[in-house]
Amino acid sequence: MIPQLITFDAYMGLLDIQSSLVPLVSEALDIDAAGAYPLVRLWRDKQMARAAASNSLGMGRVSFRKCTRLGLNHMLARAGCNMNNAQMDRMISAWDRLIPWPDAREVIDECKLKGYSVALLSNGDQDQLNAINRAFGSVFDHVLSSETAGYYKPHPDVYGLTAKVLGIAKKDVLHVAGSGNDALGAEAFGMPCYWSNRTREVDMDPTYPPSFTGPDLTGLLNII
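Following my numbering, the numbering of the sequence shown begins with 2 at its first residue and continues without gaps.
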């Protein structure tokens, strides 16, 4: 495949949420990593549940930072713990500095060396994705945020940003997803997708399977 643009999901496709946040939660709550791991999973689940509700309520997009804070509040309540405002702000800002997967930088650099334009296409607020781009050395040619679309993935308007903002048709984009939900959204929209399926999940809906899949990001280099 020779796409005009390769888009990358940030929070699952390029960044390792668990490795980034488990040490912070462990330190903040004075628990070991084994205890912090399921709490980070819960935080992420509730963050995305609030984002999904934002798509359905018809009251406008709730910012990703607010979804993240609400998810953190839920996690703390479930754990029976508290944080002061400074601690909570530190936890929220950590989402701007998540650790990349080990293969992320190499794969993006190789895409650029092959002459492809690359973009972030993700659920974060614009300023959050800009911060992630800076952390990658501003390697991305474009940063497309769900904030511009007014919805979260897998709403089609998010994937439609490549046409609306850049004038690039969906058939000429290859999206790199890190989750089954994102892969489903891209393929249902008609945008070819490579799913970096690190956790070996099964397709959420076999009606819309990913065009390509692999156990990590390196498989992308075999199809471009």
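Backbone N, C-alpha and C define an ideal beta-carbon position, used for all residues, glycine too.
Which residue marks the beginning of the alpha helix (DSSP H) containing residue i, and which one marks its end?
{"i": "T69", "result": "65–80"}
{"i": "M92", "result": "86–94"}
{"i": "T149", "result": "147–150"}
Grab the span of the beta strand (DSSP E) containing residue i for me, first residue to last.
{"i": "S55", "result": "Premise fails: S55 lies in the alpha helix (DSSP H), 34–58, not in any beta strand (DSSP E)."}
{"i": "L25", "result": "Here L25 belongs to no beta strand (DSSP E); instead the alpha helix (DSSP H) covers 18–30."}
{"i": "A120", "result": "118–123"}
{"i": "Y195", "result": "194–197"}
Specify the secondary structure class of residue i as computed by DSSP and reduced to three states.
{"i": "V174", "result": "strand"}
{"i": "G215", "result": "strand"}
{"i": "W102", "result": "coil"}
{"i": "V108", "result": "helix"}
{"i": "I224", "result": "coil"}
{"i": "V159", "result": "helix"}
{"i": "Y12", "result": "helix"}
{"i": "V166", "result": "helix"}
{"i": "S180", "result": "coil"}
{"i": "S139", "result": "coil"}
{"i": "I7", "result": "strand"}
Which residues in the same chain have their Cβ closer than 7 Å to the Cβ of residue i, if we skip the five residues on either side of it in sequence?
{"i": "D126", "result": "S64, F65, R66, S146, E148"}
{"i": "N83", "result": "L77"}
{"i": "M192", "result": "Y160, K171, V174, H176"}
{"i": "L40", "result": "V26, M76, A80"}
{"i": "L22", "result": "V41, A95"}
{"i": "V108", "result": "L218, T219, L221, L222"}
{"i": "H143", "result": "A120, L167"}
{"i": "Q88", "result": "A29"}
What does a CB cutoff of less than 6 Å around residue i pick up in its chain, not counting 5 residues either side in sequence?
{"i": "G72", "result": "W44, K47, Q48"}
{"i": "W102", "result": "D17"}
{"i": "P157", "result": "F190"}
{"i": "I133", "result": "A11"}
{"i": "K154", "result": "N124, D183, G186"}
{"i": "D31", "result": "none"}
{"i": "I224", "result": "M2, F213"}
Under a Cβ-count criterion, where at least 16 other Cβ atoms within 10 Å of its own Cβ denotes burial, should residue i be classed as buried or exposed?
{"i": "L162", "result": "buried"}
{"i": "A105", "result": "buried"}
{"i": "D183", "result": "buried"}
{"i": "R79", "result": "exposed"}
{"i": "G186", "result": "buried"}
{"i": "M2", "result": "exposed"}
{"i": "T200", "result": "exposed"}
{"i": "S94", "result": "exposed"}
{"i": "R51", "result": "buried"}
{"i": "M60", "result": "exposed"}
{"i": "R62", "result": "buried"}
{"i": "A150", "result": "buried"}
{"i": "S55", "result": "buried"}
{"i": "G179", "result": "buried"}
{"i": "G116", "result": "exposed"}
Within a Cβ cutoff of 8 Å, which residues of the same chain sit near residue i, ignoring the five residues on either side of it in sequence?
{"i": "P24", "result": "A34, A37"}
{"i": "T8", "result": "V119, A120, L121, L122, L145, T163, V174, L175, H176, V177"}
{"i": "E188", "result": "C194, Y209, P210, P211, S212"}
Does any residue of chain D bring its CB to less than 7 Å from the CB of residue i?
{"i": "L222", "result": "The structure shown contains no chain D; it holds only a single protein chain."}
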